[in-house]
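Residue 532 in my numbering is what sits at position 71 of the sequence shown, and the numbering runs on without skipping anything.
Each residue gets a CB set at the ideal place from its N, CA and C atoms; glycine is no exception.
Beneath this line is the structure, given in structure tokens, with notes to follow.
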Amino acid sequence: MADTDPPRATRVVLSYPENASDWAREQFEADRYRSYFRRSLGTVSVGDVREEFVDVGCCGDSLDVEFRVEAVETAAGETDRAAVTETTEIAYVDREGDVEGGWRVQSAAGPVE
Numbered sequence: 462m463a464d465t466d467p468p469r470a471t472r473v474v475l476s477y478p479e480n481a482s483d484w485a486r487e488q489f490e491a492d493r494y495r496s497y498f499r500r501s502l503g504t505v506s507v508g509d510v511r512e513e514f515v516d517v518g519c520c521g522d523s524l525d526v527e528f529r530v531e532a533v534e535t536a537a538g539e540t541d542r543a544a545v546t547e548t549t550e551i552a553y554v555d556r557e558g559d560v561e562g563g564w565r566v567q568s569a570a571g572p573v574e
């Protein structure tokens, strides 16, 4: 690893809006979603925000959720920037805010308007 390469992240904490539905939370918690983040995040910094599609099944429109990097940890401790790898733990926390989206889901687990 070159001196300019970021350290490898052992754990990254992402936040999402607190009013995410139970359906959306089930999607975030799925192994496939964490695996997707491990493959797609690359190098992250505390405060980075990215909008991600959340699967709403066959009965609705897409839902995009903003995930924000709240913490980045390496073997040496917390840092502001690190590279996400296939072994990085992805953790979630709620944050204040609303999920913006115009989705309609015909599911008991979906949002109620």
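Quiz item: What residues in its chain sit with their C-beta under 8 Å from that of Glu557, if we drop five residues either side in the sequence?
Solution: Pro478, Glu479
Practice problem: Hey, could you find the ends of the beta strand (DSSP E) Asp525 is sitting in? | Solution: 524-535
Quiz item: Could you give the residue range of the beta strand (DSSP E) that holds Glu512?
Solution: 510-515
Quiz item: Less than 9 Å separating the beta-carbons of Glu531 and Ser496?
Solution: no
Exercise. Could you tell me whether the stretch 531-546 touches the stretch 483-495, where touching means 3 or more Cβ pairs closer than 8 Å?
Key: no
Quiz item: Where does Tyr482 land, buried or exposed, given buried means 16+ other C-beta within 10 angstroms?
Solution: In the sequence as displayed, the identity of residue 482 is Ser instead of Tyr. Buried is the call here.
Exercise. Pick out whichever of Val473, Arg511, Val560 has its Cα sitting closest to the Cα of Gly538.
Key: Val473
Quiz item: Which one or two residues does DSSP pair with Pro478 in a beta bridge?
Solution: Arg556
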